[in-house]
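Going down the list, the protein sequences come from chains H and B. Heads up: the first sequence at position 132 corresponds to 132 in our numbering, and the numbers run straight through without jumps. To convert, take the position in the second sequence, counting from 1, and add 163; that gives our numbering. Even for Gly, the Cβ is constructed at its ideal location relative to N, Cα and C. The structure displayed is predicted, hence computed values, not measured ones.
Number of protein chains: 2
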Amino acid sequence: MSENVYTQEAVANRFRDFLAANGLRQTKERFAILRAAYDIEGTFTIEDLQQILLLQRFHVSTSTLYNTTLLLVQANLLIRHPFSSSTTHFERITDNKPKSYQICNICHRITHIKSKDLAAAVDSYHPRRFGVSHRILYVYGTCPKCESAMRKKLKQIKNSKHQ
Amino acid sequence: MSENVYTQEAVANRFRDFLAANGLRQTKERFAILRAAYDIEGTFTIEDLQQILLLQRFHVSTSTLYNTTLLLVQANLLIRHPFSSSTTHFERITDNKPKSYQICNICHRITHIKSKDLAAAVDSYHPRRFGVSHRILYVYGTCPKCESAMRKKLKQIKNSKHQ
DNA sequence: GTCAGTGCAAACTTTTTGCAACTAC
DNA sequence: GTAGTTGCAAAAAGTTTGCACTGAC
């Protein structure tokens, strides 16, 4: 628990084990994708990943990217984020602490919540017969900007009616 | 807090207020969609909604469904669920208690977690300057079925190598 | 050498957009 | 009457699939 099991080397080993355990082949594409994914801090899309690999002069097809990210999610090395409507976002797992996000229902802005208490609270839940890889809390609502924009709009509407 | 603010009548009123506050029109389509959405227990897709309205002999176009569900999310009357890869799932908000889901990384099966302690823990978080509409906790991992399937596969691979 | 994995393009699904017709205000 | 809304169809965006070629075992 004390040592970091999420270094590039450690994750490569874990992926290697996962592939072996499932009778899957160890291709250079798979490890290149893993490396690229773990170089990215924060979330990324399939397209981001392809761009980054392109910059490294490493070409991978879209199908391989979809295939490999799926494996990495199954190997508990990537989080598959659901927030955006259209595109799927991924994120490396750098520790086993729960992640929390605040998402505005209107502008869809996503903010990372840094609360030790919240993390501890979420972490206290241990289901039986379910191997937890990670926990994500999404707090939805209206952000200050959108809140004030809505109030402003409301005022304008009221004023125009009283003209 | 004690009275239920999520009855069909109450949500219709809240939607009415939201529309008025934003200078949007009160169309029969919008209220029909809200009513249908609140008739559904559990999650649903845009297509589900269209089917249900069709059964009620109420025709709405796909664009209207997308438009209206977006408004309902902004009005804090619907949750936009992110779990499935392809299709977006929605769910009515029936209370302000946090919801928790357990999701298998492999088979993508979704289970509702019913834990009072967990709910209380999540609920204890109150961000400043952010109007919380609801909180959702996703616990990712491997479900018992997939866990045992993986072990079985691993055994087979080991055996075939020792042949 | 064999078969899983990759790349490419085509297919498919879901969501968005443009524009004419409609209707809430 | 006017402008916001709807419906339809077409387009766009994201993801999946089929098949020939390649390379890990």
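Check: Between which two residues does the beta strand (DSSP E) containing residue 142/H stretch?
Finding: Translated into positions along the first sequence, residue 142/H becomes position 142. Counting along the chain, the beta strand (DSSP E) containing residue 142/H begins and ends at 131–142.
Note to self: Which residue wins for smallest C-alpha separation from residue 226/B, given the options 308/B, 196/B, 288/B?
What the structure shows: As a first step, residue 226/B is located in the second sequence; it is residue number 63 there, counting from the start. Of the listed residues, the one whose Cα sits closest to residue 226/B is 196/B.
Next item on the list: Would you mind reading off the limits of the beta strand (DSSP E) that contains residue 77/H?
Entry: Here residue 77/H refers to the residue found at position 77 of the first sequence. That residue, residue 77/H, is in no beta strand (DSSP E); it is neither H nor E in DSSP.
Next item on the list: Report yes or no: do the segment 117–132 of chain H and the segment 209–223 of chain B share at least 3 C-beta pairs separated by less than 8 angstroms?
Entry: no
Notebook entry, point to check: Can you give the beta carbon distance from residue 213/B to residue 235/B, rounded, assuming they're within the 8 angstroms contact cut?
Noted result: Sequence index remark: in the second sequence, residue 213/B carries index 50 (1-based). Sequence index remark: in the second sequence, residue 235/B carries index 72 (1-based). At roughly 15 angstroms, the Cβ-Cβ gap does not stay under 8 angstroms, so residue 213/B and residue 235/B are not in contact.
Check: How big is the Cα-Cα spacing for residue 70/H and residue 271/B?
Finding: The sequence position of residue 70/H within the first sequence is 70, counting from 1. The sequence position of residue 271/B within the second sequence is 108, counting from 1. About 11 angstroms.
Next item on the list: Closer than 7 angstroms by C-beta to residue 2/H: which residues in its own chain qualify, once you throw out the five before and the five after it? Chain order, please.
Entry: Numbered from its first residue, the first sequence carries residue 2/H at position 2. Summary for residue 2/H: the model assigns pLDDT 42, below 50, so the residue's position carries little reliability, and this model does not support an answer.
Checklist line | Backbone secondary structure at residue 151/H - three-state DSSP | finding: By 1-based counting over the first sequence, the position of residue 151/H is 151. Looking at residue 151/H - three-state DSSP - the assignment turns out to be helix.
Notebook entry, point to check: Since residue 292/B meets chain H, which of its residues come closer than 9 angstroms, beta carbon to beta carbon?
Noted result: For the purposes of this step, residue 292/B is taken as the residue at position 129 of the second sequence. Going along chain H in sequence order, the residues near residue 292/B (Cβ under 9 angstroms) are 143, 144, 147.
Note to self: Please return the same chain residues whose Cβ sits closer than 6 angstroms to the Cβ of residue 245/H, not counting the five positions on each side in sequence.
What the structure shows: This structure leaves residue 245/H out entirely; chain H is present only between 1 and 163.
Next item on the list: Give the straight-line distance between the Cα atoms of residue 178/B and residue 140/H, rounded to the nearest whole angstrom.
Entry: Working through the second sequence from its first residue, we reach residue 178/B at position 15. Working through the first sequence from its first residue, we reach residue 140/H at position 140. When rounded, the distance between both Cα atoms is 18 angstroms.
Next item on the list: Measure the alpha-carbon distance for residue 183/B versus residue 101/H and round it to whole angstroms.
Entry: Taking the first residue of the second sequence as 1, we reach residue 183/B at position 20. Taking the first residue of the first sequence as 1, we reach residue 101/H at position 101. If I take the Cα positions, the gap works out to 30 angstroms.
Check: By how many angstroms is the C-alpha of residue 174/B removed from the C-alpha of residue 224/B?
Finding: Taking the first residue of the second sequence as 1, we reach residue 224/B at position 61. Taking the first residue of the second sequence as 1, we reach residue 174/B at position 11. Roughly 22 angstroms between the two C-alpha positions.
Next item on the list: Would you verify that the beta carbon of residue 22/H is, or is not, closer than 9 angstroms to some beta carbon of chain B?
Entry: For the purposes of this step, residue 22/H is taken as the residue at position 22 of the first sequence. It does: the Cβ of residue 22/H has a partner Cβ on chain B nearer than 9 angstroms.
Next item on the list: May I ask you to list, following chain order, the residues of the segment 88–110 of chain H that have a beta carbon less than 7 angstroms from some beta carbon of chain B?
Entry: 88, 102, 105, 106
Item checked: residue 45/H versus residue 256/B: straight-line alpha-carbon distance, rounded -> What you label residue 45/H is simply residue 45 of the first sequence in a count that begins at 1. What you label residue 256/B is simply residue 93 of the second sequence in a count that begins at 1. Between residue 45/H and residue 256/B, the C-alpha separation is close to 29 angstroms.
Notebook entry, point to check: Is residue 110/H helix, strand or coil when you go by DSSP?
Noted result: To locate residue 110/H, count along the first sequence from 1; it is residue 110. Residue state, collapsed to three classes: strand.
Check: Whose Cβ in chain H lies nearer than 7 angstroms to the Cβ of residue 330/B?
Finding: The question about residue 330/B has no answer, for chain B in this structure spans 164 to 326.
Next item on the list: Quick one: grab the DSSP three-state call for residue 196/B.
Entry: Start at 1 with the first residue of the second sequence, and residue 196/B comes out as number 33. Residue state, collapsed to three classes: helix.
Check: Can you name, in chain order, every residue of its own chain whose Cβ lies under 6 angstroms from the Cβ of residue 296/B, other than the five neighbours on each side?
Finding: The residue you call residue 296/B lines up with position 133 of the second sequence. Here the set comprises 239.
Check: Between which two residues does the beta strand (DSSP E) carrying residue 255/B extend?
Finding: Against the second sequence, residue 255/B aligns to sequence position 92. Unbroken beta strand (DSSP E) run through residue 255/B: 252–255.
Item checked: Listed by chain order, chain B residues near residue 61/H by CB distance under 9 angstroms -> In the first sequence, counting from the first residue as 1, residue 61/H sits at position 61. Under the 9 angstroms cutoff, chain B gives no residues; its nearest Cβ is about 19 angstroms from residue 61/H.
Checklist line | Neighbour list for residue 237/B in chain H, Cβ cutoff strictly below 7 angstroms | finding: Taking the first residue of the second sequence as 1, we reach residue 237/B at position 74. Chain H residues near residue 237/B: 105, 106.
Notebook entry, point to check: Between which two residues does the alpha helix (DSSP H) carrying residue 50/H extend?
Noted result: In the first sequence, counting from the first residue as 1, residue 50/H sits at position 50. Note, residue 50/H: alpha helix (DSSP H), 46–55.
Next item on the list: Can you give me the Cβ contacts of residue 211/B inside the same chain, cut-off strictly under 8 angstroms, excluding the 5 residues immediately before and after it?
Entry: For this step, residue 211/B is matched to residue 48 along the second sequence. Only 203 meet the Cβ criterion.
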